[in-house]
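Colleague:
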Amino acid sequence: AQSVSQHNHHVILSEAASLELGCNYSYGGTVNLFWYVQYPGQHLQLLLKYFSGDPLVKGIKGFEAEFIKSKFSFNLRKPSVQWSDTAEYFCAVERSARQLTFGSGTQLTVLP
Amino acid sequence: SAVISQKPSRDICQRGTSLTIQCQVDSQVTMMFWYRQQPGQSLTLIATANQGSEATYESGFVIDKFPISRPNLTFSTLTVSNMSPEDSSIYLCSAEGGSYGYTFGSGTRLTVV
Chain P
2 AQSVSQHNHH VILSEAASLE LGCNYSYGGT VNLFWYVQYP GQHLQLLLKY
52 FSGDPLVKGI KGFEAEFIKS KFSFNLRKPS VQWSDTAEYF CAVERSARQL
102 TFGSGTQLTV LP
Chain F
1002 SAVISQKPSR DICQRGTSLT IQCQVDSQVT MMFWYRQQPG QSLTLIATAN
1052 QGSEATYESG FVIDKFPISR PNLTFSTLTV SNMSPEDSSI YLCSAEGGSY
1102 GYTFGSGTRL TVV
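Protein chains in written order, with my numbering: chain P, 2 to 113; chain F, 1002 to 1114.
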């Protein structure tokens, strides 16, 4: 079945550690890719997106993601996390007809 | 990007009753979407709502259970009908944001008792 996979369900890091969250999808053809973040008690916010062009995209708050087409991956990275990055992170893939499919989410906990 | 106001933010309802969730967008948008996020799970698309036409439902969701209205380009409602405890979830609306992507409401946390 076509899907979006986030293999890390819960990640715990200390402040200043580097972060990489995996996202793989199984759709063929052209896709648009997103990372959303949901801070505790808040709504989903867009971190970054990839539509076309440079496969390395930079988002807000120092996050970046790299689209590797051959691996069907769109991993999220941040070189040095902060306590305020504690949140749930969702990868999402948009196929044709504006259908947005979400991964299962990764809960990131950053220890001060 | 558009800003969405969603209400209620939470509700506790008796089984067998219905709840209508409202979403107001601060700008005109062509497409709005309704999602369900069950406890411990990801977001699942319920339906897509275009103004002036019937909503398009995803597999596993039906209009009798989740009727949707889209009376204009800034507003939509989702009704959860004849509720059971299995309907306890967070329900979110979303609007297409063009090159920005998608914007989401703050969600409605529904508990059915």
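For every residue, glycine included, the Cβ atom is placed at its ideal position computed from N, Cα and C. Only a predicted model underlies this, so the values are computations on that prediction, with no experimental measurement involved.
What residues from chain F crowd round P/S105, counting only those whose CB sits closer than 8 Å?
Modeller: Going along chain F in sequence order, the residues near P/S105 (Cβ under 8 Å) are Q1042, S1043.
Colleague: When we look at the beta-carbon of P/L112 and count the other beta-carbons within 10 Å, is it buried (16 or more) or exposed?
Modeller: Answer is exposed; the Cβ neighbour count stays below 16.
Colleague: Take F/L1093 and list the residues in its own chain whose beta-carbon comes closer than 6 Å to its own, dropping the five residues that flank it on each side.
Modeller: Cβ neighbours of F/L1093 beyond the five flanking positions: Y1036, F1105, G1106, G1108.
Colleague: Cα separation between P/G60 and P/V82?
Modeller: For P/G60 and P/V82, the distance between alpha carbons rounds to 14 Å.
Colleague: To the nearest whole angstrom, what separates the beta carbons of P/T107 and P/E89, a pair I think is in contact under 8 Å?
Modeller: Confirmed, about 7 Å.
Colleague: In chain F, which residues lie with their C-beta within 9 Å of the C-beta of P/Q108?
Modeller: Those do not exist, as P/Q108 stays about 10 Å from chain F at its closest Cβ, beyond 9 Å.
Colleague: Rounded to a whole number of angstroms, what is the C-alpha to C-alpha distance between F/T1018 and F/L1111?
Modeller: Those two C-alpha atoms are separated by around 12 Å.
Colleague: Examine chain P for any beta-carbon lying closer than 8 Å to the beta-carbon of F/S1089, and answer yes or no.
Modeller: So, not an interface residue.
Colleague: Suppose the cutoff is 7 Å on Cβ atoms and the five residues either side in sequence are ignored; what does the same chain contact list for F/K1008 look like?
Modeller: Excluding residues within five positions, the ones whose Cβ falls inside 7 Å are Q1023.
Colleague: Per the DSSP calculation, F/M1084 is bridged to which residue(s)?
Modeller: Answer is none; F/M1084 lacks a bridge partner.
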